[in-house]
Amino acid sequence: MVRIHKSTSKQYLTLHTVDQAHPTEIFSLAPTPNALISASGSSHLLVHSTTTSPTFPLTQTLSNAHRLGCHHITTARGGPGNTFVSVGFGGDTKVWHRNPETDQWALHWTLPTPDNKKEKGDVWAVALSADEGYLAATTSDGRIHVWDVLGKAKIQTYETGASAGGGGGGGGQGSVGTGSFAMAVDLSRDGKFTASGHENGGVYVFNNDAGRMVYSLSGLAKPIRAVAFSPGCKRLAAAGNAGIIAIYDMQHGEHVANLSATGTRPAWITSIDWNDTGEYLLSGSLDGKVRVWDVARGVCVATHSETESALWCVRWLPKSEKTLAPGMGKGEMFVAAGANRSLTFYREATGS
Amino acid sequence: MYFCPIRNQYLHPPSQPTVTNSHERPSPPLEQLSPVRASSTRVPHNIVIVPQSHSSDDALTKIEALFETIVDAISVGSPITIPYRRSTNAQVFDPTASASNPRDGRHMDSVRFPGRNPQELRRFEALFRIIEISHEALLSGTLVTKRNIYYQNMELFRSQSAVDEMVDNLAFTLGVGRNDLNIVATAKGLVAGQVELIMRGGSKINCAESSDSGVLLPSISAVEKIDFQSVKWLLVIEKEATFRTLSASRYYTVSRAGSGILVTGKGYPDLATRKFLATIHSVRPRLLMFALVDFDPHGISVLRTYQYSSQRLDHEERTKVFGLRWLGIRSSDVLSNTVMTQDCSANSQGSQSSQDLSSQESIAYSVDAFEHERPAKRPRSRRTKSHPSDYTAPLTERDREKAVSVLRDICGTTRLDAAEREHKLELQRMLMLNIKAEIQAVDDFGDITNWLDKRLLEHSRDVNYIYRYSA
Numbered sequence: 001m002v003r004i005h006k007s008t009s010k011q012y013l014t015l016h017t018v019d020q021a022h023p024t025e026i027f028s029l030a031p032t033p034n035a036l037i038s039a040s041g042s043s044h045l046l047v048h049s050t051t052t053s054p055t056f057p058l059t060q061t062l063s064n065a066h067r068l069g070c071h072h073i074t075t076a077r078g079g080p081g082n083t084f085v086s087v088g089f090g091g092d093t094k095v096w097h098r099n100p101e102t103d104q105w106a107l108h109w110t111l112p113t114p115d116n117k118k119e120k121g122d123v124w125a126v127a128l129s130a131d132e133g134y135l136a137a138t139t140s141d142g143r144i145h146v147w148d149v150l151g152k153a154k155i156q157t158y159e160t161g162a163s164a165g166g167g168g169g170g171g172g173q174g175s176v177g178t179g180s181f182a183m184a185v186d187l188s189r190d191g192k193f194t195a196s197g198h199e200n201g202g203v204y205v206f207n208n209d210a211g212r213m214v215y216s217l218s219g220l221a222k223p224i225r226a227v228a229f230s231p232g233c234k235r236l237a238a239a240g241n242a243g244i245i246a247i248y249d250m251q252h253g254e255h256v257a258n259l260s261a262t263g264t265r266p267a268w269i270t271s272i273d274w275n276d277t278g279e280y281l282l283s284g285s286l287d288g289k290v291r292v293w294d295v296a297r298g299v300c301v302a303t304h305s306e307t308e309s310a311l312w313c314v315r316w317l318p319k320s321e322k323t324l325a326p327g328m329g330k331g332e333m334f335v336a337a338g339a340n341r342s343l344t345f346y347r348e349a350t351g352s
Numbered sequence: 001m002y003f004c005p006i007r008n009q010y011l012h013p014p015s016q017p018t019v020t021n022s023h024e025r026p027s028p029p030l031e032q033l034s035p036v037r038a039s040s041t042r043v044p045h046n047i048v049i050v051p052q053s054h055s056s057d058d059a060l061t062k063i064e065a066l067f068e069t070i071v072d073a074i075s076v077g078s079p080i081t082i083p084y085r086r087s088t089n090a091q092v093f094d095p096t097a098s099a100s101n102p103r104d105g106r107h108m109d110s111v112r113f114p115g116r117n118p119q120e121l122r123r124f125e126a127l128f129r130i131i132e133i134s135h136e137a138l139l140s141g142t143l144v145t146k147r148n149i150y151y152q153n154m155e156l157f158r159s160q161s162a163v164d165e166m167v168d169n170l171a172f173t174l175g176v177g178r179n180d181l182n183i184v185a186t187a188k189g190l191v192a193g194q195v196e197l198i199m200r201g202g203s204k205i206n207c208a209e210s211s212d213s214g215v216l217l218p219s220i221s222a223v224e225k226i227d228f229q230s231v232k233w234l235l236v237i238e239k240e241a242t243f244r245t246l247s248a249s250r251y252y253t254v255s256r257a258g259s260g261i262l263v264t265g266k267g268y269p270d271l272a273t274r275k276f277l278a279t280i281h282s283v284r285p286r287l288l289m290f291a292l293v294d295f296d297p298h299g300i301s302v303l304r305t306y307q308y309s310s311q312r313l314d315h316e317e318r319t320k321v322f323g324l325r326w327l328g329i330r331s332s333d334v335l336s337n338t339v340m341t342q343d344c345s346a347n348s349q350g351s352q353s354s355q356d357l358s359s360q361e362s363i364a365y366s367v368d369a370f371e372h373e374r375p376a377k378r379p380r381s382r383r384t385k386s387h388p389s390d391y392t393a394p395l396t397e398r399d400r401e402k403a404v405s406v407l408r409d410i411c412g413t414t415r416l417d418a419a420e421r422e423h424k425l426e427l428q429r430m431l432m433l434n435i436k437a438e439i440q441a442v443d444d445f446g447d448i449t450n451w452l453d454k455r456l457l458e459h460s461r462d463v464n465y466i467y468r469y470s471a
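Chains as they are written, first to last, in UniProt numbering: chain B, 1 to 352; chain F, 1 to 471.
Okay, structure coming up:
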């Protein structure tokens, strides 16, 4: 069924909903060029095809991937789609590889848990570099670890504790004061920057070549739930409990814009995502609304909600060359998921 | 008439005080007439007999059998053995025990005299003393507290917790409950409500008599009958402070959900409180029982202790109250503003889109249908909840560790019943949102009664609330 929603300049259709895709709440999504991987409070990860059919069929179930449920999965934005990383509620972090011939995913590597008692924080958020070579993983005590995926070795730890300041050594052992819970992380596509968002409202940017913090960004006093670099790596977006999206410029670390919906107290934003051109930002919040923002104009151009239940994750799907079905448009698609356990796919209504 | 600041109105004074019985030793029979109530309406009596467990006889037999083997060993001159197994070792091998000298008898299945070392000698003496005390208590029909035992010979027992552990392990080894040894803990739990406990020996405890502090829960083995009168619900409250507030305002009488009983275990409940609740549930299975705990990992852990007991006391009979329903506090209570609904029956009504720029963010203070059925007798302050973060706090590192630990506990069993799925979901949400909230999050300037009324009424109507128990 197709419903058309009018808005000022963008029209999106609800393309399809995979109802009750998971038995419990869906916490995270990760798209590849031809599939969408989803994680929930149950122990299985699901892979749905995004290019073969408008019904988005299930193509693989990774059973018992995380016994306590999974809260984060990530793929490389703009990457080849051969790797994804998942993190369970027990802090168990797994790297999965896709076999290009069979198109099936299998566990490649499980990150070792630190036996160093000082590094107590569980892994929370993860991000993959565009070439799928590096993995950034944040912890509940404010550290960001960077791993070499192929070499299976930790190469860097960024600290954000009280005495971290502009510090952060290469492979540093953390005896620095524990920092605020790092709830979000992203790696810029050019590999230059790592960004983290924290429970105390802090947003930090690290230069990966220099191995140190370069910006400490202010502007959002409430916990940050999502950070995302624009595809061109010029901007960083951050959002969370404040209910607004802050945009920062990476050349100078300036806070250049705020995107906010009207209304007295906007709902907490759980997820943001830049589209491939960097023109539009997608946001999902606890009130069940997914919004499309025109970043340059600073306005929201579309709002949708399937139910009032919380959205935990929203993602653009990479643009594909072919249409899903004969006669369908090739508009950009995005997907939203959350407490209603379903995957809802939307597509831009274009003339073509 | 007295003025109750919580209710913001005048209330009738409590009825004539009755003499309450000391909960440890049944005093000589004392006949009391039911006190005349100020409202002078006759309250229906609804008396249920508490089944007496005869396993104290069982315990006595086992102890005497043990004494026989000891006497036999002495007469022959061979070493004396007391069987002794740890209840916690039944499931998980205690790693700290293995770290010590394996010959110190700590994780052996018995304690011997003459021992292998001084520690075992001490343990033997302590254990024997406890068995002796229990035997005496069983013969004379009296109850002894664990505290009492400890103070009889502090140097021998070394610490209260050592006594506690030994008593539990002894009970576990003999295959009886701790109460069957006539050893009880000092009462910790409190109860308040329109209910009367008729003790063995004849005396009666009226749980409505003490206005703000409730009544100390007696050991259930000392209770012969319970007069439920017209109670419709029972609410177990995690925090003592909340219990006192509700008890002081006599919520168990004035609730819109009808007459009820308030119980608190003051945090993690002791065995006596659990046994009390489990017994009530077994003699009155249709009485709705609810739990009110904080929205944090400890709250859920306390809730689970009531429902599934604890590892150390897993062997005790009749301590689990599976049917205890989780009234709150949940994520949906805390985030009602940002509309975090329990979408269990997630039939989407169809996509609702809103005009973006002109959309009003409505602050949802849901008006439920029940309000219209019975006119509210109290003034309702329509105070809109400003924002969830005002009432929530972030989780600490320890909170998060606790949450993960409880999650592991839940996910350890293969099949989860509906209640456990809820616990799991709420813990995951708690970790995702990184917030916790106390009961204060849902109150109205300190008055939780409106919220309680609503919830209790909802559940009372919901007769199809089914729990599927795991195998």
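Yeah, the Cβ is synthetic: ideal placement off N, Cα and C, and Gly gets one too.
Candidates the options: closest to residue i by CA position
i: B/Ala21; options: B/Leu107, B/Thr55, B/Gly243 and B/Ala238; result: B/Thr55
i: B/Val290; options: B/Glu279, B/Ala261 and B/Gly278; result: B/Ala261
i: F/Arg129; options: F/Arg286, F/His423 and F/Ile82; result: F/Ile82
i: F/Ile149; options: F/Asp164, F/Ser140 and F/Leu139; result: F/Asp164
i: B/Asn99; options: B/Arg143, B/Ile224, B/Ser53 and B/Phe84; result: B/Phe84
i: F/Val111; options: F/Asp57, F/Leu170 and F/Ala278; result: F/Leu170
i: F/Trp451; options: F/Val321, F/Gln119, F/Ser332 and F/Arg398; result: F/Ser332
i: F/Glu209; options: F/Ser230, F/Tyr306 and F/Ala192; result: F/Ala192
i: F/Lys225; options: F/Ile280, F/Pro285 and F/Thr145; result: F/Ile280
i: F/Ile49; options: F/Leu433, F/Ser282 and F/Val334; result: F/Ser282
Listed by chain order, chain F residues near residue i by CB distance under 7 Å
i: B/Phe181; result: Asn434
i: B/Arg297; result: Going along chain F, no residue has its Cβ under 7 Å from B/Arg297, so there is no contact; the nearest lies around 12 Å.
i: B/Gly41; result: Lys424, Leu425 and Gln428
i: B/Phe56; result: Result: empty, since nearest Cβ-Cβ is about 16 Å, beyond 7 Å.
Unbroken beta strand (DSSP E) run spanning residue i, endpoints
i: F/Trp451; result: Careful: F/Trp451 lies outside any beta strand (DSSP E), inside the alpha helix (DSSP H) at Thr449 to Arg461.
i: F/Asn206; result: Lys204 to Asn206
i: B/Met213; result: Arg212 to Leu217
i: B/Ser196; result: Phe193 to His198
Partner residues on chain B for residue i, Cβ-Cβ distance less than 8 Å
i: F/Lys454; result: Correct list: empty, because the minimum Cβ distance to chain B is about 19 Å.
i: F/Leu431; result: His71 and Phe89
i: F/Val404; result: Leu68, Phe89, Gly90, Gly91 and Asp122
i: F/Pro394; result: Phe181, Glu199 and Pro223
CB contact flag (residue i, residue j, <7 Å)
i: B/Val123; j: B/Tyr134; result: no
i: B/Gly41; j: F/Leu425; result: yes
i: F/Leu288; j: F/Trp233; result: yes
i: B/Leu58; j: B/His44; result: no
i: B/Ile245; j: B/Ala237; result: yes
i: F/Ile63; j: F/Ile70; result: no
i: B/Ala239; j: B/Ala226; result: yes
i: F/Leu190; j: F/Gly214; result: yes
i: B/Ser305; j: B/Gly284; result: no
i: F/Gly260; j: F/Tyr252; result: yes
i: B/Asp273; j: B/Lys319; result: no
Residue i: contacting residues in chain F (beta-carbon distance under 9 Å)
i: B/Thr24; result: Arg421, Lys424, Leu425 and Gln428
Delimiting residues of the alpha helix (DSSP H) encompassing residue i
i: F/Ile280; result: Leu271 to Val283
i: F/Ser161; result: Gln160 to Leu174
i: F/Tyr252; result: Tyr251 to Val254
i: F/Ser332; result: Ser331 to Val334
i: F/His423; result: Ala418 to Leu433
i: F/Pro297; result: Pro297 to Tyr308
i: B/Met250; result: Run containing B/Met250: none; DSSP gives neither H nor E here.
i: B/Pro131; result: In the sequence as presented, Pro is not what sits at residue 131 of chain B; that position holds Asp. Note, B/Asp131: premise wrong, no alpha helix (DSSP H); not H, not E.
Per-residue contacts from residue i into chain B (C-beta, under 9 Å)
i: F/Arg400; result: Gly121, Asp122, Ser140 and Phe181
Partners in chain B for residue i, counting only beta-carbon separations shorter than 7 Å
i: F/Leu335; result: Leu286
Proximal residues of chain F, C-beta to C-beta of residue i below 8 Å
i: B/Phe27; result: Gln428 and Met432
i: B/Arg312; result: The amino acid occupying residue 312 of chain B in the given sequence is Trp; Arg does not appear at that position. Within 8 Å Cβ-Cβ: Met432.
Residues of the stretch 406-418 of chain F whose Cβ lies closer than 7 Å to any Cβ of chain B, in chain order
Leu407, Arg408 and Cys411
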